[in-house]
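Colleague: Residue numbers (my numbering), protein chains in the order written: chain X, 165 to 506; chain H, -3 to 405. We put the beta carbon where it would ideally sit given N, CA and C, even for glycine. No experiment lies behind these values; they were computed from the predicted model shown.
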Amino acid sequence: MRHRTFIWFILPSLAAMIIFIALPLVSVVTQSLHIEHQQVLVITENCGPFGCQQETSVDAAATAVLRAEKPLGRFNGLGTYFDRGHLASKEVSIAWANRASFRGFLSDLYNLPFYKALAFTLSYTFLVTPLVIMLGLLIALGVNRLTPALKGPTIFVSLLPMIVTPLIGSLILFWMIDAQGIIGKTLQWLLDDPVLSLKASPGLTWATLFVYGVWHSAPFAFIVFYAGLQTVNTDTLEAAQIDGATRFQQVRYVVIPHLMPLVVFIALIQLMDNFRVFEPIIGFSAQANATSLSYIIFNDLRGDVIRFNSAAATSLLTVLGVAILLTPVLIRTWRDFKRKVV
Amino acid sequence: MFLKKIALAGTMSVLAGTAAYAGCGLTSGNVNILGNDFAAIQAVVAGATECAGDGVSVASNLTTEHRDFQVAALTANPAQYTSSIVANSSIVPLLNAGLIRSLDDLVAKHGQNLQPHQLITIDGKVMAVAFMANAQHLYYRSDILEAAGVEAPSSYAEVVAAAEKIRAAGLMDHPVALNTKTGWNLGEEFINMYMGTGAGFFKAGTAEVAINNASGVEALNMLKALTELSNPDFLTFDSNATAALWEGGQLAIATMWGSRGASILDDEGSTAEIVAATVLTGAPTLSGDKPASTLWWDGFTIATNISDEDAEATFVALVNGISDDVVMANNDKAVWLSSVYEPSAASAGVAATAAAGASPYPMLPYMGLLHTALGDELSDFLQGTESAAQALADVEAAYTTAAKEQGFL
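So, in C-alpha cells, the structure goes:
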C-alpha cells in the first residue's frame, strides 16, 4: 500500500490515540514534575455548633493569586519520584547503611509504602501469570476431548469467572471466605482450626488474592488455547500416535510447540494486566495486608486532599515497571520476527 | 364541543392556581445539590425539592463518593453543583480553594429562622449552615453486661475490663468492635482516641505533626487492647460491617456513629430482643475527663462560581429543606440542630458526648493528610508486626512527605 494511502487509513485511530493516550500521558508527566505552591496560612477564629476556637486556615485569596501566576505549581524536578512515598532513595540508603542483616534491610524496605506495594504486585504478577497459562492449557485440553454435546455448556461455565465483573466477583468471594461464610467455615472444619480466618493474616490474604487472580484470568487463557487447539496439524498428531507416543508425549512434543506463539501472547497480556492488579484488593478489603501500585495511586486520589502529583509519579513508575517486565518477551518476539524475515 | 372547552378551561385554571403556590417565594433559579447519601441528607434534599416549579429547578446527586469530586465539580465555572453538603473535614478543601461563597448577606435576607450556633463562621464570615450533629459513641447490650455482672463502662479501660469478663463468662468470644477498616475509618478511630488524651496533633500554629509522644503511644495501646477483644478480621470492618455485626447480635460493646442509631433501633434487620437491650451512651474517656471522640457537623454551602440568582434560590431551597416541618417529620434520622428537635433514644449518645465536652474534629487544612497517613500506616502495629513508636514515626514521615508536596511545610 502506498504510504499516503496508509497514512490516510490510520489517521482516525492515530488522532484518537494522540488525543486520548499521548496528550494525557504528557500531562501526567508534567504533573509528576511539579508540587503545590507554598500555602499561605493564617490563624482565624472559627465558630460552629460546638463553640469558637482559634484555628489555622489557608488564605484562599493569596493562594489563588499564586495559582493564577503559575497554575502548575512549583517545579520539583524528579523530587517526587525519590520522596518517601515513592522510591524513597534517602530512606533506603539509611536502611542500607544501618542494616544489621540483609533480612533486616528487607524488612525496613518493606516498611516503605511503595516497596510494600511493589512486593505484592511482583509476587502477584509472577505467580498468577504462569498459573493462568498452565490452568488455561489444562482446561482447553480437557474441553477439547469432551463429547460435542457437553462442549457448549462446559465452555460457557468455564468462561463465567472472566465475565463476572471483577469487583462483584471478588465481593461475593469476600463474603464466602468470611469465617462465617461457606468457604471459610468449610476450611475451618477441613483443617480442624476453629479460629482460622483467611482475612486476618497477610500470608493467607495474599494466597486468597492469588487464587482469585488465577480463577478470574484462566478463562481468557483457556479460550485462546482452545482456539489454537483447533488448528493443530492432525497429520503430525496421527504420526505421533502411530509411532507410539503417549498422550503426554503428544501434548509435549506436538501441541505445545504449536501453541508457543499463543503462550507468548497470553504471557504479554497477563503480565501487563496483573502488574496493574487493583479490583481484588478493593473487593476483598485487603488493604491492611496487600497493597498494589494501582491501589496506592487510587489512595492518593481519594480523600479530602487529592494528591495529583504523587499519583502522577506512581503512575509513571508503574508504566516503567510494565516496560521493564515486557522487555524479555518483546526481545524474543523481535528475534523470532527477524529470523522469519531472513 | 362546548363541554370540552369548559373542561379544558377548568383544568387549566386549576393547574394555574396550584402552580402559583410552588417556588418558596422564588421566581427563578437553578438548584443542584451534591452530598453524602444517608437518611438525614435525603430528607433535607426532599424538603428542598418542594421549592421546585415555576421557573425554579431542583436537582441533586447524593453519593458516598461525593468528597472525591466535589473540588473538581465546584472549580468549574459555572460550577456543576450550586451547593455541596459538607462536614467539618470535607469543607476544608473547598475553603482552601475559595470554592464556596460567604453567606452573610443571604443569612441576613432569608435566614431569620436559623439558630446562631448553626452558622459556621470562618474568620468572621458565615461559610456554611449546619443542620445536624454526629459523633462516634458507645453502644452496649444491657442484657449481656447484666449477665456478665458488669456496669456500663464510662472509660475505655472499663470497656476492656467488661469485655474480658464477658469473654471469661463464655457469653461472646469477640464482644468488642470499632470501625477499624484500614484507611479513613482506622485513621478516625486513632484521632478519636488521641483526642481523649487532650494532646494536640500539631505544634502550635504550624503544620508540623507532633503525635510521636506518650499520648500517641497510649492511644495506640488502647486501640490494640480493644482489637484483641474483637473479631480477628477487624481490619476489614467499616461502619456497615460493624452495624451488621451488631444487628446480628454478635457484639456486646461497640463504638459506632450516632447516625447509625436510628437504623439500629428500628424494627428492621435485627431481633426485638437485641433492639430492646441496645443502649446508646456517650463516648468513653481515655485518660482524664475528655471523651475520646470528635464532634462532627453536617451543613450546606453555596458555590462561588454560580450566578447570584442561583445562589439565592439554592439558599432558600435548602433553608426550606431544614425547616421545622422537615425536622419534625424526620426527628429520629439525625441529631438536628433545630429548636423543634426532640431528643430520643437514638440521639442520646451524641448528646451525651457533646455534653461531656468532646471537641469538634479539627478543621485544619492539613488534617486530611494526617488522617490519610494514620489510616495507611497503623495496620502493621495492630497486627503486631511493628512497635507503637515505629508506627507513629512512619505516620509522621508519611505525613511530612505529603505536607511538603502539598505546600504546607
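Can you confirm whether the region 245 to 259 of chain X touches the region 212 to 229 of chain X when touching is taken to mean that 3 or more C-beta pairs between the two stretches lie within less than 8 Å?
Modeller: Touching, no.
Colleague: Starting from residue 177 (chain H), find everything on chain X with Cβ-Cβ shorter than 9 Å and list it in chain order.
Modeller: What residue 177 (chain H) touches in chain X: 449, 451 and 452.
Colleague: In three-state terms, what does DSSP make of residue 356 (chain H)?
Modeller: Residue state, collapsed to three classes: strand.
Colleague: Measure from the C-beta of residue 277 (chain X) to each C-beta in chain H and report whether the shortest distance is under 8 Å.
Modeller: Residue 277 (chain X) counts as touching chain H.
Colleague: I want to know whether the region 302 to 313 of chain H touches the region 232 to 241 of chain H - three or more CB-CB distances under 8 Å.
Modeller: With the cut-off at 8 Å, the region 302 to 313 of chain H and the region 232 to 241 of chain H do not touch.
Colleague: Going by DSSP, what residues sit across from residue 235 (chain H) in a beta bridge?
Modeller: Beta-bridge pairing links residue 235 (chain H) to no other residue.
Colleague: So, with DSSP's three-state summary, where would you put residue 234 (chain X)?
Modeller: Correct three-state label for residue 234 (chain X): coil.
Colleague: For the candidate residues H:247, H:275, H:297 and H:317, whose alpha-carbon lies nearest to that of residue 173 (chain H)?
Modeller: Residue 173 (chain H) has its Cα closest to that of H:247, out of H:247, H:275, H:297 and H:317.
Colleague: To the nearest angstrom, how far is the alpha carbon of residue 357 (chain H) from that of residue 265 (chain H)?
Modeller: Approximately 31 Å, taken between the alpha carbons.
Colleague: Quick one: Cα of residue 483 (chain X) to Cα of residue 191 (chain X), how far?
Modeller: Each residue's alpha carbon lies about 14 Å from the other.
Colleague: Ends of the beta strand (DSSP E) at residue 209 (chain X)?
Modeller: Counting along the chain, the beta strand (DSSP E) containing residue 209 (chain X) begins and ends at 205 to 212.
Colleague: If you drop the 5 nearest sequence neighbours on each side, which residues of the same chain put their C-beta closer than 7 Å to that of residue 193 (chain X)?
Modeller: Cβ within range, chain order: 480.
Colleague: Tell me, please, whether the region 451 to 465 of chain X touches the region 20 to 27 of chain H by the rule of three or more beta-carbon pairs shorter than 8 Å.
Modeller: Verdict: no, contact absent.
Colleague: Could you have a look at residue 294 (chain H) and say whether DSSP puts it in helix, strand or coil?
Modeller: Strand at residue 294 (chain H).
Colleague: Between which two residues does the alpha helix (DSSP H) carrying residue 479 (chain X) extend?
Modeller: Note, residue 479 (chain X): alpha helix (DSSP H), 472 to 505.
Colleague: Which word fits residue 227 (chain H), buried or exposed, when buried means at least 16 other C-beta atoms lie within 10 angstroms of its C-beta?
Modeller: Its Cβ being crowded by 16 or more others within 10 Å, residue 227 (chain H) is buried.
Colleague: Check the DSSP bridge columns for residue 326 (chain X) and list the partner residues they point to.
Modeller: None; residue 326 (chain X) has no bridge partner.
Colleague: Going by CA-CA distance only, name the one from H:271, H:361 and H:350 that's closest to residue 198 (chain H).
Modeller: Comparing Cα positions, the closest option is H:361.
Colleague: To the nearest angstrom, how far is it from the Cα of residue 337 (chain X) to the Cα of residue 346 (chain X)?
Modeller: Their backbone Cα atoms lie some 10 Å apart in a straight line.
Colleague: By DSSP, does residue 219 (chain X) sit in helix, in strand, or in coil?
Modeller: In the structure shown, residue 219 (chain X) sits in a strand (DSSP, three-state: E or B).
Colleague: Is the Cβ of residue 17 (chain H) closer than 8 Å to any Cβ of chain X?
Modeller: Reliability fails at residue 17 (chain H), whose pLDDT of 42 lies under 50, so the model's placement of it is uncertain and the value that follows must be treated cautiously. Not one chain X Cβ lies under 8 Å of residue 17 (chain H).
Colleague: Spell out whether any CB of chain X is found under 8 Å from the CB atom of residue 404 (chain H).
Modeller: Yes, because at least one Cβ of chain X sits closer than 8 Å to the Cβ of residue 404 (chain H).
Colleague: Could you tell me whether the Cβ of residue 184 (chain H) comes closer than 8 Å to any Cβ of chain X?
Modeller: For residue 184 (chain H), the answer is no, since every Cβ of chain X falls outside 8 Å of its Cβ.
Colleague: Take residue 329 (chain X) as the anchor and find which of X:247, X:236, X:353 and X:381 has the nearest alpha-carbon.
Modeller: Closest option to residue 329 (chain X), Cα to Cα, is X:381.
Colleague: Check residue 83 (chain H) in the structure and name its three-state DSSP category.
Modeller: Note: residue 83 (chain H) maps to strand in three-state DSSP.
Colleague: Short of 7 Å Cβ to Cβ, which residues in the region 239 to 251 of chain X face chain H?
Modeller: Result list: 244, 247, 248 and 249.
Colleague: In chain order, which continuous runs of the alpha helix (DSSP H) of length 4 or greater are located wholly inside the region 280 to 331 of chain X?
Modeller: Listed in chain order, the complete alpha helix (DSSP H) runs (minimum 4 residues) inside the region 280 to 331 of chain X are 312 to 327.
Colleague: Determine the chain H residues that contact residue 214 (chain X) at a beta-carbon separation under 9 Å, and present them in chain order.
Modeller: Result: 113, 129, 291, 293, 350, 354, 355 and 356.
Colleague: Going by Cα to Cα distance, which pick from H:295, H:56 and H:276 is closest to residue 110 (chain H)?
Modeller: For the residues H:295, H:56 and H:276, the minimum Cα distance to residue 110 (chain H) belongs to H:295.
Colleague: Is residue 201 (chain H) close to chain X? Criterion is C-beta to C-beta, closer than 8 Å.
Modeller: Closer than 8 Å: yes.
Colleague: Under 8 Å Cβ to Cβ from residue 293 (chain X), same chain only, skipping five residues before and after it: list those, please.
Modeller: Within the same chain, residue 293 (chain X) has close Cβ partners 431, 434, 435 and 438.
Colleague: On the three-state DSSP scale, how would you describe residue 421 (chain X)?
Modeller: Helix at residue 421 (chain X).
Colleague: Can you list, in chain order, the residues of its chain whose CB lies under 7 Å from that of residue 372 (chain X), leaving out five sequence neighbours each side?
Modeller: 341, 362 and 448, listed in sequence order.
Colleague: Taking the alpha carbon of residue 366 (chain X) as the reference point, which residue from H:379, H:398 and H:387 has its own alpha carbon closest?
Modeller: Nearest C-alpha to residue 366 (chain X): H:379.
Colleague: Please classify residue 285 (chain H): is it buried, with 16 or more other beta-carbons within 10 angstroms of its beta-carbon, or exposed?
Modeller: It counts as exposed.
Colleague: For the pair the region 275 to 291 of chain X and the region 449 to 460 of chain X, tell me if three or more CB-CB distances fall below 8 Å.
Modeller: Touching, yes, given that three or more Cβ pairs across the two stretches are closer than 8 Å.
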